[in-house]
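Student: Residues in the sequence shown are numbered from 5 upward in steps of one, following my numbering.
C-beta: ideal position from N, C-alpha, C; glycine also.
Since the structure is predicted, the reported quantities are computational estimates derived from the model, not experimental observations.
This structure is in C-alpha cells; I'll ask about it shortly.
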Amino acid sequence: MMDEEGEIQRMGIHSDEKKFLHHRPRMGGLRTMPFIIVNEAFEKVASYGLMPNMIFYLTRDYHMETASSSSILFIWSAFSNVLAVFGAFLSDSYLGRFRVIALGSISSLLGMTLLWLTAMIPQLKPAPCDQFNNNCNSPTAPQLAVLFSSFGLISIGAGCVRPCSMAFGADQLNNTENPNNERVLQSFFSWYYAVTGISTVLALTIIVYIQDQFGWQVGFVVPAILMVFSVLMFLLGSSLYIKVKASKSLFTGYIQVLVVALKNRNINLPASKYNNFYHQSHELKLLVPTKNLRCLNKACMIRDHDKDLNPDGSASSPWSLCTVEQVESLKAFLRVIPMWSTGIMLLSDPEPNLIFHTSSQYHG
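Okay, here's the thing in C-alpha cells:
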C-alpha cells in the first residue's frame, strides 16, 4: 500500500484521484505499470544498443563490405519500423495487445539469443582472415540465414512490442468513471516517454561501451539477458492486467468508409441535419457528421432503412453503411497526417547517420 501511495505521489496525482484509484477493481491500476514499463524499456535498451556497432560486426567478423553492411542495417531498421503497423493491426483485430506484446517479447529474446550464438559458435560465421595471404572467406548461405533470422526475429519483436506497449499501459489506467481520468493518463504518458528517452540513452552508451570493451560475446549476451528480464517481468504481471479483447481494426473501418463513400459518390447529401438520415452507433452520442470533408459523409447516410438496417438498428453490411463515428474517426486521422508527416525527415536520418559516423570514426 505504501509503495502504491508513493507511486501516486510521484506521478502527480491528487487526493481526489488517489481516493478513486484505491477503490478501483483489482485488475489493472498503477501496480501494473512496473511490469509494462520495464518490458518496453528493456526491449529498447537491448534492440537500440545493437544497431550502432553492428556495422563493425558485419565487416570484421562476416567480412562484408561497408556498403553492403550499411544496406543490410538500413533494411533491418526499416523492417522493424514497418512491422509496427502490422503489430498494431494484429493486436487490434485478432490477438489483443497482451498476446502481441508477449509474442513480440519472446521473438526479440529468441532473435538476440540467436545473434549471441553467432558470436559464441565459430561455425556460425566465417573463419578469421588469413593475415599472411590477406585472404578472407565470405559468409556461406547457412551462416547468412542464421544471421538474418536473428535480425528478423528482433524486428518482429520490435514491431509487436513498440506499437502496443503504451496503449496497453493506458488500458490499465483508463476509466471513464474517474473524474480525473485524463490527468492520470497524461501522467502515465509523461513517465512513459521519460523512461523511453532514458532507455535510448542507456542503449547508445552503456551497451555500446560493453561491446567495445568486452567484445561481441559479452556485448550480445547483455541484451539477451535484458530481454529475459523483460519477458519475465511482463509475464509475471499477467494476472493483474486488464486485457481488452480484440475488435474490428480502425484501419478496416477506414477502408470501409472509403469504399462506401465511393459507392455512394453519386448520391446527394441531405440538406437537413436531422440524425435519422445518418447511421449512429448505439454506444456513442455523436448524431450527425461534421461539415468538413463532406464527401465522406455519404458513407454513413441511410438510403433505405429497410435494406440498410437490421431490426436491431445495426448495419446490414459494414461495406454498405458505416457509422458516423467511423466517418469522423477517418476525418480525424486525415487531419493528423500533415502534422505527423513533418517528422518523417527528422526520423529518417538518425540511424543511418549514427552508423555512418560510427564507421567513419573506426576507419579514421
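Tell me the residue span of the alpha helix (DSSP H) that contains Phe-152.
Tutor: 145 to 177
Student: Distance, Cα to Cα, Glu-332 vs Gln-176?
Tutor: 26 Å
Student: What is the DSSP secondary structure of Glu-21, counted as helix, strand or coil?
Tutor: Caution is warranted here: a pLDDT of 48 is assigned to Glu-21, below 50, making its placement in the model unreliable, and the coordinate value is therefore given only provisionally. Helix, per DSSP.
Student: Entirely within the stretch 75 to 153 and at least 4 residues each: give me those alpha helix (DSSP H) ranges in chain order.
Tutor: 101 to 124
Student: Measure the Cβ-Cβ separation of Ser-112 and Ala-162 and say whether it is below 8 Å.
Tutor: yes
Student: Counting pairs of beta carbons, one from the stretch 113 to 126 and one from the stretch 220 to 240, are three or more of them closer than 8 Å?
Tutor: Segments in contact, yes.
Student: Taking the alpha carbon of Leu-236 as the reference point, which residue from Leu-34, Met-31, Glu-44 has its own alpha carbon closest?
Tutor: Glu-44
Student: Comparing alpha-carbon positions, which option in Asn-139, Leu-94, Asn-301 lies nearest Cys-168?
Tutor: Leu-94
Student: Between which two residues does the alpha helix (DSSP H) carrying Thr-196 extend?
Tutor: Sequence check: residue 196 is Tyr here, not Thr. Unbroken alpha helix (DSSP H) run through Tyr-196: 185 to 206.
Student: Based on Cα-Cα distance, which residue from Glu-181, Val-248, Met-305 lies nearest to Ala-171?
Tutor: Its Cα nearest to that of Ala-171, the residue Val-248 stands out among Glu-181, Val-248, Met-305.
Student: Counting pairs of beta carbons, one from the stretch 293 to 303 and one from the stretch 253 to 269, are three or more of them closer than 8 Å?
Tutor: Enough Cβ pairs lie closer than 8 Å, so yes.
Student: Under 8 Å, do Gly-91 and Cys-164 count as touching if we go by C-beta distance?
Tutor: yes
Student: Are the beta-carbon atoms belonging to Ile-105 and Phe-238 less than 8 Å from one another?
Tutor: yes
Student: How would you label Tyr-245, buried or exposed, when you count the other beta carbons within 10 angstroms and need 16 or more for buried?
Tutor: With 16 or more other Cβ atoms from the protein chains shown falling within 10 Å of its own Cβ, Tyr-245 counts as buried.
Student: If you run the structure through DSSP and keep just helix, strand and coil, what is Tyr-61?
Tutor: helix
Student: Can you name the start and end residues of the alpha helix (DSSP H) that Leu-236 belongs to?
Tutor: Leu-236: member of the alpha helix (DSSP H) spanning 212 to 240, first to last residue.
Student: Taking just the CA atoms, how far does Asn-184 sit from Arg-28?
Tutor: Residue confidence is low: Arg-28 scores 48 on pLDDT, short of 50, so the model does not pin down where it sits. Its coordinate-derived value is still stated next. Their Cα atoms are separated by approximately 13 Å.
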